[in-house]
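Peer 1: Submitted below is the structure of interest, expressed as structure tokens.
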Amino acid sequence: MSLNVPFSCALVNDFINQYQIQMDNPKGAVWGNIVWAHSVSKDLINWERLPNAIYPSEPFDQYGCWSGSATILPGNKPIILYTGIIDKNKTQVQNYAIPANLSDPFLQKWIKPDNNPLVVADRSINKTAFRDPTTAWLAQDGHWRISIGGKWGTMGIAYLYRSKDFMNWVKANNPLHSRNGTGNWECLDFYPVSVSGKNGLDTSIMGSSVKHVLKVSLDVTRYEYYTLGTYSLEKDVYTPDEEMVDGWNGLRYDYGNFYASKSFFDPSKNRRILWAWANESDSKADRVKKGWAGIQLIPRTIVLDPNGKQLIQWPVVEVETLRGKKVKLSNKMLVKGKQIEIKGITAAQADVEVTFSFHSLDKSEPFDPRWDRYDAQNICSQKGSTVQGGLGPFGLLTLASRNLEEYTPVFFRVFKAQNNHLVLMCSDASRSTLKVGTGAYRPSFAGFVDVDLTGKKLSLRSLIDHSVVESFGAGGKICITSRVYPTLAIYDNAHLYVFNNGIETVKIDSLKAWSMNRPEQMNQ
Numbered sequence: 002m003s004l005n006v007p008f009s010c011a012l013v014n015d016f017i018n019q020y021q022i023q024m025d026n027p028k029g030a031v032w033g034n035i036v037w038a039h040s041v042s043k044d045l046i047n048w049e050r051l052p053n054a055i056y057p058s059e060p061f062d063q064y065g066c067w068s069g070s071a072t073i074l075p076g077n078k079p080i081i082l083y084t085g086i087i088d089k090n091k092t093q094v095q096n097y098a099i100p101a102n103l104s105d106p107f108l109q110k111w112i113k114p115d116n117n118p119l120v121v122a123d124r125s126i127n128k129t130a131f132r133d134p135t136t137a138w139l140a141q142d143g144h145w146r147i148s149i150g151g152k153w154g155t156m157g158i159a160y161l162y163r164s165k166d167f168m169n170w171v172k173a174n175n176p177l178h179s180r181n182g183t184g185n186w187e188c189l190d191f192y193p194v195s196v197s198g199k200n201g202l203d204t205s206i207m208g209s210s211v212k213h214v215l216k217v218s219l220d221v222t223r224y225e226y227y228t229l230g231t232y233s234l235e236k237d238v239y240t241p242d243e244e245m246v247d248g249w250n251g252l253r254y255d256y257g258n259f260y261a262s263k264s265f266f267d268p269s270k271n272r273r274i275l276w277a278w279a280n281e282s283d284s285k286a287d288r289v290k291k292g293w294a295g296i297q298l299i300p301r302t303i304v305l306d307p308n309g310k311q312l313i314q315w316p317v318v319e320v321e322t323l324r325g326k327k328v329k330l331s332n333k334m335l336v337k338g339k340q341i342e343i344k345g346i347t348a349a350q351a352d353v354e355v356t357f358s359f360h361s362l363d364k365s366e367p368f369d370p371r372w373d374r375y376d377a378q379n380i381c382s383q384k385g386s387t388v389q390g391g392l393g394p395f396g397l398l399t400l401a402s403r404n405l406e407e408y409t410p411v412f413f414r415v416f417k418a419q420n421n422h423l424v425l426m427c428s429d430a431s432r433s434t435l436k437v438g439t440g441a442y443r444p445s446f447a448g449f450v451d452v453d454l455t456g457k458k459l460s461l462r463s464l465i466d467h468s469v470v471e472s473f474g475a476g477g478k479i480c481i482t483s484r485v486y487p488t489l490a491i492y493d494n495a496h497l498y499v500f501n502n503g504i505e506t507v508k509i510d511s512l513k514a515w516s517m518n519r520p521e522q523m524n525q
């Protein structure tokens, strides 16, 4: 189900009803030689590979064509802004490219005009940490605006630039936003979400009916964080909402292996789509042997949670076209220690949706006040799927071998804090493989779910695809992606189970699981 790519700081956009994605190292499965590869699709699922779109060829990008964004100018004219590397010191400038032939439905050839670069760092900017221009937005004053990520010392910065003609850009006196202690900001994304309704919005929409999202990829932690807030056009600044945690303890798109994402507005279906890259968790030697490294995850829709405090993500509906054979379960009780195997589907490549319910919250284990409320990953590593709890752990054992020598559990565990209940969701790769060797990364990814437990129900959806498990908890309020490399639980030898290791009996209200077919093969 996934698209294999050597490297990505993702960009996607809608060009004449063709979705396109660019990222690559064409010379190997390691970092370096960054170009913009090019694939096209009409459905986000089946892709066709085309020749590379942008590659180093000029003094303003001779050491690499790094990430950026696309904007659709009036007249349905796409333009790409991207970061060029101009020397061995990794000095970064911002360039643009335009299609050579707008009548080509695939936009296969791109031109880099001679007036590049458009934006060069001034003395107030760290020129080696100045990259990834956002999609531009057009304000009511007739000026375009973009933001570019950077840092000064340990302060992460979203620089703001304005232009009336898209060619001549002037840096604003103040950044769009900044934050001390976060480190470098890269792969910025800035866009509006509707405060009511589920439709996505064009990047230039503003006003009282929207909140804005600022997403940053943190070079230090290799995670992505976002805040919700208000964009003031008069001041040209973004201010996170008061209850937002702005920094390393803030909200994340995904609490697992998920980075360098980019969103875009799809006008054909009035939705905003998010796409991200998941790198490998095995060793460099493994990547070189395979000949590829990194995948594009399943695209997701993004909307604002009705509570206004977080985003909700869900796989695009098109992925359901890959569903094949279906099995169902309902009204099954999971007492402590029970497992039920889900048979009749291809467990190595599956789509699973399950809703659990429980009679009471009374058996929730106490939340240890010594734990760090913001370090869910550490708590999950201590309280794994085999550690008996009160309410939980319960969930799925994905990519499991027959005798459970290997498995990747995705599960919930409910704690009782001083004034409320805390729901922990984990995707634990620590037992995912018997493979030994250096360089492997097998973390217990986890996050806390902001969910109403009044109905005493929790839902989980997992997309399983051989070496990746993408999971969506509580209807997409939390997402966790894991990369895993089983040696036994592969192909027809992979199994899928539902389990409960908590004292409180858990009921499977409903479970639906599908074998997932392979997309049409893109050109290699």
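First residue of the sequence shown? That's 2 in my numbering, and the numbers climb one at a time after it.
Cβ coordinates follow ideal geometry from the N, Cα and C atoms, glycine included.
None of these values were measured; they are calculated from a predicted model.
1. Beta strand (DSSP E) containing Ala54: first to last residue?
2. For Val452, does the count of other Cβ atoms within 10 angstroms reach 16, so buried, or fall short, so exposed?
3. Indicate whether Lys457 and Phe359 have their beta-carbon atoms separated by less than 8 Å.
4. Are three or more beta carbon pairs between the region 378-390 and the region 467-486 nearer than 8 Å?
5. What are the uninterrupted segments assigned as beta strand (DSSP E) that are 3 or more residues long and contained completely in the region 432-505, given in chain order?
6. Cβ of Leu189 within 8 Å of Cβ of Ser233?
7. Which of helix, strand or coil does DSSP assign to Thr399?
8. Would you call the region 318-330 and the region 491-498 touching, i.e. three or more CB-CB distances under 8 Å?
9. Could you work out which residue in Thr222, Ser40, Asp166 is closest to Leu74 when comparing CA atoms only?
10. Measuring alpha carbon to alpha carbon, tell me which residue in Asp115, Leu119, Ala98 is nearest Gln109.
11. Ignore the nearest five residues each way along the sequence and tell me which others in Val246's own chain have a CB closer than 6 Å to its CB.
12. Considering only their Cβ atoms, is the gap separating Val411 from Val470 smaller than 8 Å?
13. Beta-carbon separation of Arg163 and His178 under 8 Å?
14. Do Lys478 and Ile313 come within 8 Å of each other at the CB atom, strictly closer than that value?
15. For Tyr239 and Val194, what's the separation of their Cα atoms in angstroms?
16. In the DSSP assignment, what are the bridge partners of Ala98?
17. Assuming the contact rule is C-beta atoms closer than 8 Å, Leu252 and Tyr227 should be a hit. Round their C-beta distance to whole Å, please.
18. In whole angstroms, what is the alpha-carbon distance linking Lys291 and Glu281?
19. Going along the chain, which unbroken runs of the beta strand (DSSP E) with 3 or more residues stay wholly within the region 249-288?
20. When burial is assigned at 16 or more other CB atoms within 10 Å of the CB, is Arg519 buried or exposed?
21. Does the beta-carbon of Asn250 have 16 or more other beta-carbons within 10 angstroms, so that it is buried, or is it exposed?
22. So which of Ser70, Phe107, Pro60, Ile81 has the shortest CA-CA distance to Thr92?
23. Tell me whether Leu435 is buried or exposed, calling it buried when 16 or more other Cβ atoms sit within 10 Å of its Cβ.
24. Use the C-beta contact count for Pro100: other C-beta atoms within 10 angstroms, 16 or more gives buried, fewer gives exposed.
25. For Asp429, which option in Asn117, Asp466, Tyr256 has the closest C-alpha, if you only look at C-alpha atoms?
26. Determine the direct distance from the alpha carbon of Ala351 to that of Gly438, and round the result to whole angstroms.
Peer 2: If we stick to the structure as given:
1. Start at 1 with the first residue of the sequence shown, and residue 54 comes out as number 53. Per DSSP, the continuous beta strand (DSSP E) segment holding Ala54 begins and ends at 49-55.
2. Your numbering for residue 452 matches position 451 in the sequence shown. Buried, since its Cβ has 16 or more Cβ neighbours within 10 Å.
3. Indexing the sequence shown from 1 puts residue 457 at position 456. Indexing the sequence shown from 1 puts residue 359 at position 358. Contact: yes.
4. no
5. 445-450, 458-466, 469-474, 479-484, 496-501
6. Sequence index remark: in the sequence shown, residue 189 carries index 188 (1-based). Sequence index remark: in the sequence shown, residue 233 carries index 232 (1-based). Not in contact: Leu189 and Ser233 (Cβ atoms no closer than 8 Å).
7. Position 398 of the sequence shown, counting from 1, holds the residue named residue 399. Three-state DSSP puts Thr399 in a strand.
8. no
9. Within the sequence shown, numbered from 1, the residue matching residue 74 stands at position 73. Looking at the Cα atoms, Asp166 is the closest of the given residues.
10. Indexing the sequence shown from 1 puts residue 109 at position 108. Here the closest residue by C-alpha is Ala98.
11. On the sequence shown, position 245 is the one that residue 246 refers to. Here the set comprises nothing.
12. Residue numbering aside, residue 470 sits at position 469 when the sequence shown is read from its first letter. Residue numbering aside, residue 411 sits at position 410 when the sequence shown is read from its first letter. Against a cut-off of 8 Å, the Cβ pair of Val411 and Val470 comes out as a contact.
13. As a working note, residue 163 is residue 162 in the sequence shown. As a working note, residue 178 is residue 177 in the sequence shown. Not in contact: Arg163 and His178 (Cβ atoms no closer than 8 Å).
14. Locating residue 313 in the sequence shown gives position 312, where the first residue counts as 1. Locating residue 478 in the sequence shown gives position 477, where the first residue counts as 1. Contact flag set, yes.
15. Working through the sequence shown from its first residue, we reach residue 239 at position 238. Working through the sequence shown from its first residue, we reach residue 194 at position 193. Near 14 Å, if we compare the C-alpha coordinates of Val194 and Tyr239.
16. Here residue 98 refers to the residue found at position 97 of the sequence shown. Partner(s): Ile81.
17. By 1-based counting over the sequence shown, the position of residue 252 is 251. By 1-based counting over the sequence shown, the position of residue 227 is 226. 6 Å between Cβ atoms; contact.
18. The count along the sequence shown starts at 1 and reaches residue 291 at position 290. The count along the sequence shown starts at 1 and reaches residue 281 at position 280. About 11 Å.
19. 260-267, 272-279
20. In the sequence shown, the residue the question calls residue 519 occupies position 518. Residue environment for Arg519: exposed (fewer than 16 other C-beta atoms within 10 angstroms of its C-beta).
21. Position 249 of the sequence shown, counted from the first residue, corresponds to residue 250. Residue environment: Asn250 is assigned as exposed (fewer than 16 neighbouring CB atoms within 10 Å of its CB, all protein chains considered).
22. Position 91 of the sequence shown, counted from the first residue, corresponds to residue 92. Considering only alpha carbons, the answer is Pro60.
23. As a working mapping, residue 435 is identified with position 434 in the sequence shown. Leu435 comes out exposed.
24. Within the sequence shown, residue 100 is the residue found at index 99, counting from 1. With 16 or more Cβ atoms within 10 Å of its Cβ, Pro100 is classed as buried.
25. By one-based count along the sequence shown, residue 429 stands at place 428. Comparing Cα positions, the closest option is Tyr256.
26. Residue numbering aside, residue 438 sits at position 437 when the sequence shown is read from its first letter. Residue numbering aside, residue 351 sits at position 350 when the sequence shown is read from its first letter. Using only the alpha carbons, I get a separation of about 28 Å.
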